[in-house]
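The structure appears right after this line, and notes come after that.
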Amino acid sequence: MFSLFLEQLLNGLQSGVMLFLMASGLTLVFGVMGLINLAHGSLYMIGAFACAAVAAWTGSFWLGLVASLMAAAIAGALVEMLIIRRLYNRDHLDQVLATFALILIFSEGTRWIFGSFPLFLSVPDFLTGTVILPGGSQYPLFRLAIIVAGLAVAVGLFLLIGKTRLGIRIRAGEADRGMIAALGVDIDRLYTIVFALGAALAGLAGAFVGTTQSVQVGMGEPVLILAFVVIVIGGIGSIKGALVGSLLVGFTDTMGRFLLPHAFATFLDPSSATAIGSALASMLIYIVMALVLFLRPSGLFGATS
Amino acid sequence: MTMNREFLINSILAIALIAVPLIALGMDEPFIITLATKVAIFAMAGVGLNLVLGYGGLVSFGHAAFFGIGGYAAGILASHALNYEPIMESPFLIEGTTQMIVIWIVALIVSALVALVIGAITLRTSGVYFIMITLAFAQMIYYFAISWPAYGGEDGLSIYVRNGFPGINTLDPISFFALCAVMLAIAMVFSAVLIRSRFGLALQGARQNPQRMTAVGIAPFRIRLVAFVISAMITALAGALYADLNRFVSPTMLSWHMSGEIMVFVILGGVGRLFGPLAGAALYIILEHLLGGVWEFWQLPLGVLLLLVVLFARGGLVGVLAGERKHV
Chain A
1 MFSLFLEQLL NGLQSGVMLF LMASGLTLVF GVMGLINLAH GSLYMIGAFA CAAVAAWTGS
61 FWLGLVASLM AAAIAGALVE MLIIRRLYNR DHLDQVLATF ALILIFSEGT RWIFGSFPLF
121 LSVPDFLTGT VILPGGSQYP LFRLAIIVAG LAVAVGLFLL IGKTRLGIRI RAGEADRGMI
181 AALGVDIDRL YTIVFALGAA LAGLAGAFVG TTQSVQVGMG EPVLILAFVV IVIGGIGSIK
241 GALVGSLLVG FTDTMGRFLL PHAFATFLDP SSATAIGSAL ASMLIYIVMA LVLFLRPSGL
301 FGATS
Chain B
1 MTMNREFLIN SILAIALIAV PLIALGMDEP FIITLATKVA IFAMAGVGLN LVLGYGGLVS
61 FGHAAFFGIG GYAAGILASH ALNYEPIMES PFLIEGTTQM IVIWIVALIV SALVALVIGA
121 ITLRTSGVYF IMITLAFAQM IYYFAISWPA YGGEDGLSIY VRNGFPGINT LDPISFFALC
181 AVMLAIAMVF SAVLIRSRFG LALQGARQNP QRMTAVGIAP FRIRLVAFVI SAMITALAGA
241 LYADLNRFVS PTMLSWHMSG EIMVFVILGG VGRLFGPLAG AALYIILEHL LGGVWEFWQL
301 PLGVLLLLVV LFARGGLVGV LAGERKHV
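Residue numbers (the working numbering), protein chains in the order written: chain A, 1 to 305; chain B, 1 to 328.
Set out below in structure tokens:
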């Protein structure tokens, strides 16, 4: 029981770290440009497909990983320059619709190119084994590697935002867009860079998750909605909030699915305990979100306006 | 003269909605009657959303929740009636039904209660938060429907025989169309009366300037909550009809794609225009039918078109044809 618990804890951490890669891009784009981007899940899907296609073609997972970063960043930069740029001064309704249209275009375009059958990504050889966890159960080495890689990217992102000149500009952009433009920062370029950065992170998450699940059209949508929940809980625009929110959602979701059926089994018969437990578990993160918002309408780390 | 032009366009839309299925009846094309029925139902869902989105300025991205609740009201009640299984035996007996009127009343009550709870929480927020939270609540209900096995779970629930309405053979396509068209007309008249009433003016005032509304002694929150509940009820009624049209209800009706589609009907037609949802739903169904017949990947050109409408044709179909609104 203990080792199973530990395993689920690690799964929760993995899902939280991957969510952070998605949510950080979303929250940056909202914080700096004030844009709500539904097509963020499509960039995640593009990353996964690029990784799967290049890995199948060259036989190298690492080249696939590079391809996922490049493809998502380039797609993000292009979309920003061609379409998203026109939406910054529009209201949220226009942004929602335009990016909803982008989802239709990306999903259907991917289906056109790759077909409806899922692709599979295989893990590089030296990461295929398992690790023995304290308590005796085995855990796939690759999942541990994803957690470590995701955490490394998260640290890198915090350093980028906190310590570099680009990070200073991004934070300044969040604080006052008009002022940094007046101070001579090329605001159009900054926006494109931020958007491409968020896209690359989403693409990377797609490639990582693609190795543990199948790569298929529409894979970005459930993650996108979870990422929305994350940034709403954390406070829109806050990277720190995105981190706390991601871990909270990752752990709540994984542990809820694991523990709730067990909890109900203590006083119900097994079949209805599983049914009620899993139904409640699938709603749990939304209940947490509603609670957070009820207490703090602009999220845990959101600016109270 | 723009008001007159909008009136002309509205009349053409109304006449087309009635004429097309009648012509299809003469040409013995029941499929086209079904398409027209779909337009009427989707338009009605849009009329519900337009109330909060267009007049209230509240971008609800979760109206599929109410559409699906209506659908499940029809599906669940009918399945209990057809299987002769009471829904509840103690403390008192509740049985299923195949009467549309009873189903509609249940759909209205349940959706109103759910909207009251969701609205009370979500309307505390605004802007992007409101968009995402309405979306998240709809997802919550969606996942509940998927993981709750009693009513089909992910596979959905079939309604073997379309539910009945006194004096009408609902299995006859044109009769069912007439029923849906009348319901749409009632929803539109109700919505038109509502937005011209004191309540409707207060709702639009709360969109334009909430501070000033508060200053004259009207609390925007309560006005918005009532509008949200009414809007949900209209959309739920459309959902009940949609389940009966397909004789099938599944979690797809609750999915966020559905929320997006209902929103697309409103935007494509024209936000805050009485006939906007009808124009939008008709355009959407026609495009789906025409493009889908030509190319398997029809959603791609649809996405491009939607993008162009958002970027360049603000005001939607009715807005482009009728010009700017005379008074906002």
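Ideal Cβ positions, reconstructed from N, Cα and C, are used throughout, including at glycine.
Nearest to A/Gly135 by alpha-carbon distance, out of A/Leu293, A/Asn89, A/Gly302, A/Leu4, is A/Leu4.
A distance below 8 Å between beta-carbons, with the five flanking residues on each side excluded, links A/Phe30 to the following residues of its chain, in chain order: Ile36, Asn37, Ile231, Ile236, Gly237.
Comparing alpha carbon positions, the residue from A/Asp176, A/Gly59, A/Phe106 closest to A/Leu78 is A/Phe106.
Where A/Pro140 is concerned, the enclosing beta strand (DSSP E) starts and stops at 138 to 140. A straight-line Cα-Cα distance of about 16 Å links A/Thr266 and A/Leu280.
Pairing A/Leu151 with A/Pro297, the inter-Cα distance amounts to about 29 Å. DSSP places B/Thr170 outside any beta strand (DSSP E), giving it a letter other than H or E. Chain-ordered, the chain B residues with CB closer than 8 Å to the CB of A/Leu104 read Gln299, Leu300, Leu302, Gly303, Leu306. For a cut-off of 8 Å, the C-beta gap from B/Gly269 to B/Gly316 is around 5 Å, short enough to register as a contact. As the crow flies, the alpha-carbon of A/Arg257 is around 11 Å from that of A/Ile276. Residue pairing from DSSP places B/Phe248 in a beta bridge opposite B/Ser158. The beta-carbon distance between A/Val217 and A/Arg143, rounded to whole angstroms, is 24 Å. This is too long to meet the 8 Å contact definition. A/Ile103 places its beta carbon 9 Å or farther from that of A/Met33. Distance check between A/Tyr44 and each of A/Trp62, A/Thr27, A/Leu63, A/Ala72 places A/Ala72 closest, using alpha-carbon atoms only. Taking 7 Å as the cut-off between beta carbons, none of the residues of the segment 98 to 112 of chain B comes near chain A. Under the 9 Å criterion on CB atoms, A/His92 is classed as interfacial with respect to chain B. By alpha-carbon distance to A/Leu224, the top candidate from A/Leu247, A/Asp91, A/Arg165, A/His40 is A/His40. Put simply, the CB of A/Tyr88 is far from chain B, with every gap to its CB atoms at 9 Å or more. Listed in chain order, the non-local C-beta contacts of B/Gly164 below 8 Å within the same chain comprise Thr98, Gln99, Met100, Thr170, local neighbours out to five positions each way being set aside. Distance from the CA atom of A/Gly250 to the CA atom of A/Leu19, rounded to whole angstroms, is 7 Å. Judged by their CB atoms, A/Leu300 and A/Ile233 are nearer to each other than the 9 Å cut-off. For A/Glu80, the closest Cβ of chain B is not nearer than 9 Å. In the assembly as shown, A/Ser271 is an exposed residue. Its beta-carbon has fewer than 16 other beta-carbons within 10 Å. Within the DSSP secondary-structure output, A/Thr130 pairs in a beta bridge with A/Pro140.
Here B/Glu6 is near B/Ala322, since their CB atoms are less than 9 Å apart. At least one CB atom of chain A sits nearer than 9 Å to the CB of B/Val128. Distances from the alpha-carbon of B/Ala281 to those of B/Gln204, B/Met183, B/Phe42 put B/Phe42 closest. For chain B, the residues of the segment 275 to 291 of chain A that bring a beta carbon within less than 7 Å of one of its beta carbons are Ala275, Ser278, Ala279, Ser282, Met283, Tyr286, Met289, Ala290, in chain order. Distance check between B/Ala240 and each of B/Arg162, B/Ala178, B/Ile267, B/Ile218 places B/Arg162 closest, using alpha-carbon atoms only. Segment contact: the segment 173 to 181 of chain A against the segment 120 to 132 of chain A, fewer than three CB-CB distances shorter than 8 Å; contact not assigned. Closest in C-alpha terms to B/Leu237, from the list B/Thr34, B/Gly48, B/Val39, comes B/Gly48. For A/Phe100, the closest Cβ of chain B is nearer than 9 Å.
With its beta carbon at least 9 Å from every one in chain A, B/Gln204 lies outside the interface.
DSSP, reduced to helix, strand and coil, places B/Gly164 within a strand of the structure shown.
With respect to chain A, the C-beta atom of B/Pro210 has no partner C-beta closer than 9 Å. Spatial neighbours of A/Val54 in its own chain (CB-CB distance under 6 Å, excluding positions within 5 residues in sequence) are listed in chain order as Leu63, Gly64, Ala67.
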